[in-house]
Every structure is written in C-alpha cells, then in structure tokens.
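Student: Quick one: this structure, given as structure tokens, is what I'll be asking you about.
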Amino acid sequence: MKNSVENQFKGDNGEVVLLTLDPGHFHASLVQKVMYPQIDSTVYVFGPEGPDIQDYLNRIENFNNRDNEPTRWNEIVYTGKDYFDKMLVQKPGNLVVISGNNKIKADYILRSVKAGFNILADKPMIIYPEDFQKLEQAFEVAEEKGVLLYDIMTERHEITSILQRKLSGIPEIFGQVKHGSSENPAITKESVHHFFKYVAGSPLKRPAWFFDTSQQGDGLVDVTTHLVDLIQWECYPGEIIMKDDIEISKSTHWPTLLNS
Numbered sequence: 000m001k002n003s004v005e006n007q008f009k010g011d012n013g014e015v016v017l018l019t020l021d022p023g024h025f026h027a028s029l030v031q032k033v034m035y036p037q038i039d040s041t042v043y044v045f046g047p048e049g050p051d052i053q054d055y056l057n058r059i060e061n062f063n064n065r066d067n068e069p070t071r072w073n074e075i076v077y078t079g080k081d082y083f084d085k086m087l088v089q090k091p092g093n094l095v096v097i098s099g100n101n102k103i104k105a106d107y108i109l110r111s112v113k114a115g116f117n118i119l120a121d122k123p124m125i126i127y128p129e130d131f132q133k134l135e136q137a138f139e140v141a142e143e144k145g146v147l148l149y150d151i152m153t154e155r156h157e158i159t160s161i162l163q164r165k166l167s168g169i170p171e172i173f174g175q176v177k178h179g180s181s182e183n184p185a186i187t188k189e190s191v192h193h194f195f196k197y198v199a200g201s202p203l204k205r206p207a208w209f210f211d212t213s214q215q216g217d218g219l220v221d222v223t224t225h226l227v228d229l230i231q232w233e234c235y236p237g238e239i240i241m242k243d244d245i246e247i248s249k250s251t252h253w254p255t256l257l258n259s
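Numbering that gives the first Met the number 0 applies: residue 0 is where the sequence shown begins, and numbers increase by one.
Structure below.
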C-alpha cells in the first residue's frame, strides 16, 4: 500500500484536497490550523446542519482572521440530508478527514475507503466490539485500492515519544521490560481527560453527544488509544500485537458527575 500511496502523492503543490466529513470534534478544525503548500486551500465540507458544523466553521474563520500567520481556507459547505452520499458521488477531493461522533465512525470509514478515498480518522476509530470487523475490512479494502487509512492523532511523531522509543531500545539505559502482573504491572500509563479546556486560544464547547458514552465511548476508548499504541510502539517496535495476544485480567470504570 505504501508504494501506491506514494505514487498518488508526489509532494506537488495543492495535490491534497481535503474533504471534511461531519466535523463534530474540534480535531477536525485543528487539521487546518496551519497551511501546507501540498494541501489545496479549498476544503469541501459535508455534514448535517447544526451546531457541530457551525462550531467547526467558526474555528476555521478564526484561523483565517488571526493576526499571527493567518490561514486562507476556502470552505465549500454542503449540509443536505444526503451529505454523505453526496460526498461519495461527487468526490471533489482525495483525502477525507473524519473527526466526530464515534458511534457512526466505522460506517463513515468503511464506505469512504470503498469509494477510493484516503482517510485521516480521529481516534477512536470504533467504540463497539462488533465494529472491529468493519475496521478490519476497511484496512483490507485500503490495501487493495492503494489508499491510506491512518490515525489523525497519533502521538508517534511527538518528540517526547520518539525519544522514549529510542531510549527504550538501548539496554544499557533502559534495561529490559519486566514480566509484570496485575498487582505489579511492568508498564503504567496514566492520563487525565479534561472536559473543559482551551483550543486555539478559545474555550472549548463540547457537543451534547460527547457526554453520551453510547456515542462518544467510555474514557478508556479515547485518550487511552494513545497510551496503548505508544506502549506497543515504544516497547515492542516492529512487532504486531493481535487481539488474540491480549488478555484483560481486570478493569473498572466509574461515572464523572458534572454540574450544569
């Protein structure tokens, strides 16, 4: 698949044309925080009319009007009820950005890949075990069609992650990974997911579905996606860990109470 994608993208100016699909999460707008010569300034947006798409457009407008290195995105927006089918048929671009409601993300990914689009999908790509087969199929189709299906928010390119990976590969510095247990794990990862924070200098407004675990997913399927991936990437470089290699010995979750 790598060779096919490289043949498709040569690094020419404007060769990547973005299609933003149902942008319900702020990560969709952060993709456009900075402009690159290889990415065309016109972006095609397909999604249902409502606050999600409007919040996305407001952030893009802020990027275009900021004092320091403003962007110059030209947003072409379609909000008809058939927005997804319209995108698949019209195909005005070649790279679909998917960052929004996690409940429907698996279908977005699979159908977009089948239509021959390259995909940058926000994590988590799925939140239901029954959608795992769809994700597997999507990667198989991407391989067949020579298109890219990739995580939009991987932390593998963060310098802190790169350094940890390099250092963990030097036995004189890192040693060896111990054989851990539930009581004394060999590797511990922790993270705090903030409901409120500032994004690009403005207070973040979460959509209503974000607080519904049937649409957003539990906390473990969001930020933890980064942590689990980094453990595999940093400590077991070059190895593929399949779901059959994993055994969950214990887990727990709890509600977070919020005041309106």
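Each residue gets a CB set at the ideal place from its N, CA and C atoms; glycine is no exception.
(1) Can you list, in chain order, the residues of its chain whose CB lies under 6 Å from that of T70, leaving out five sequence neighbours each side?
(2) Given that a residue counts as buried once 16 or more other Cβ atoms are within 10 Å of its Cβ, and exposed if not, what is P22?
(3) For E142, which of helix, strand or coil comes out of DSSP?
(4) Please determine, among I75, K242, D217, F45, the residue with the shortest C-alpha to C-alpha distance to Q132.
(5) In chain order, what residues of the same chain lie with their CB nearer than 7 Å to the CB of K1, ignoring the 5 residues before and after it?
(6) Using a Cβ-Cβ cut-off of 8 Å (strictly less than) and excluding sequence neighbours within five positions of S160, which residues of its own chain qualify?
(7) Distance, Cα to Cα, L134 vs E68?
(8) Once you ignore the five residues that flank H252 on each side, which residues in its own chain have a CB closer than 8 Å to its CB?
(9) Between E74 and I59, how many whole angstroms is the CB-CB distance? I'm expecting something under 8 Å.
(10) Please report the Cβ distance between V95 and I118, rounded to the nearest whole angstrom; I am assuming they are in contact, meaning their Cβ atoms lie under 8 Å.
(11) What are the uninterrupted segments assigned as alpha helix (DSSP H) that are 4 or more residues long and contained completely in the segment 39-94, given in chain order?
(12) What does the alpha-carbon distance come out to for the pair K113 and K90?
(13) According to DSSP, is K1 part of a helix, a strand, or is it coil?
(14) Jot down the residue ranges of each uninterrupted alpha helix (DSSP H) in the segment 95-143, minimum 4 residues, whole runs only, in chain order.
(15) Using a Cβ distance threshold of 8 Å, determine whether the segment 97-108 contacts the segment 14-32, with at least three qualifying pairs required.
(16) What is the C-beta distance between L147 and K188, in whole angstroms, given that I count them as a contact (C-beta under 8 Å)?
(17) Taking the C-alpha atoms as reference points, what is the distance between S213 and I125?
(18) If you draw a straight line from the C-alpha of A29 to the C-alpha of A120, how long is it?
(19) Compute the Euclidean distance between the alpha carbons of Q136 and D130, then round it to the nearest angstrom.
(20) If I follow the unbroken alpha helix (DSSP H) through L166, where does it start and stop?
(21) Could you tell me if S111 is buried or exposed, where buried requires 16 or more neighbouring beta carbons within 10 angstroms of its beta carbon?
(22) Using the rule of at least 16 other Cβ atoms within 10 Å of the residue's Cβ for burial, across every protein chain shown, is T255 buried or exposed?
(23) Between D244 and H178, what straight-line distance do the alpha-carbon atoms span, to the nearest angstrom?
Tutor: With the given structure in hand:
(1) Cβ within range, chain order: M34, F62, N63.
(2) By the neighbour-count rule (16 or more Cβ atoms within 10 Å), P22 is buried.
(3) Here E142 carries a helix assignment [DSSP, helix/strand/coil].
(4) Closest option to Q132, Cα to Cα, is K242.
(5) In this predicted model, K1 has a pLDDT of only 49, less than 50, meaning its place in the structure is not dependable enough to derive any value.
(6) If you ignore the 5 residues before and after S160, its C-beta comes within less than 8 Å of the C-beta of E154, L229, W232, E233, all in its own chain and listed in chain order.
(7) Roughly 38 Å separates the two Cα atoms.
(8) Excluding residues within five positions, the ones whose Cβ falls inside 8 Å are D217, G218, L219.
(9) 6 Å between Cβ atoms; contact.
(10) Indeed they touch by this definition, with Cβ atoms about 5 Å apart.
(11) With a minimum length of 4 residues, the continuous alpha helix (DSSP H) runs that stay inside the segment 39-94 are 50-64, 82-89.
(12) For K113 and K90, the distance between alpha carbons rounds to 12 Å.
(13) Its pLDDT being 49, under 50, K1 is placed unreliably by the model, and the measurement read from it follows with that caveat. Note: K1 maps to helix in three-state DSSP.
(14) Runs of the alpha helix (DSSP H) inside the segment 95-143: 104-113.
(15) Yes: the two stretches touch, three or more of their Cβ pairs being nearer than 8 Å.
(16) The C-beta distance from L147 to K188 rounds to 27 Å, too long to meet the 8 Å contact threshold.
(17) Going by the C-alpha atoms only, they are around 11 Å apart.
(18) According to the sequence as given, residue 29 is Leu; it is not Ala. So the two alpha carbons sit approximately 13 Å from each other.
(19) Per the coordinates, the alpha-carbon of Q136 lies some 10 Å from the alpha-carbon of D130.
(20) Here the alpha helix (DSSP H) through L166 covers 158-167.
(21) Buried is the call here.
(22) It is exposed - the Cβ of T255 has fewer than 16 other Cβ atoms within 10 Å.
(23) Per the coordinates, the alpha-carbon of D244 lies some 15 Å from the alpha-carbon of H178.
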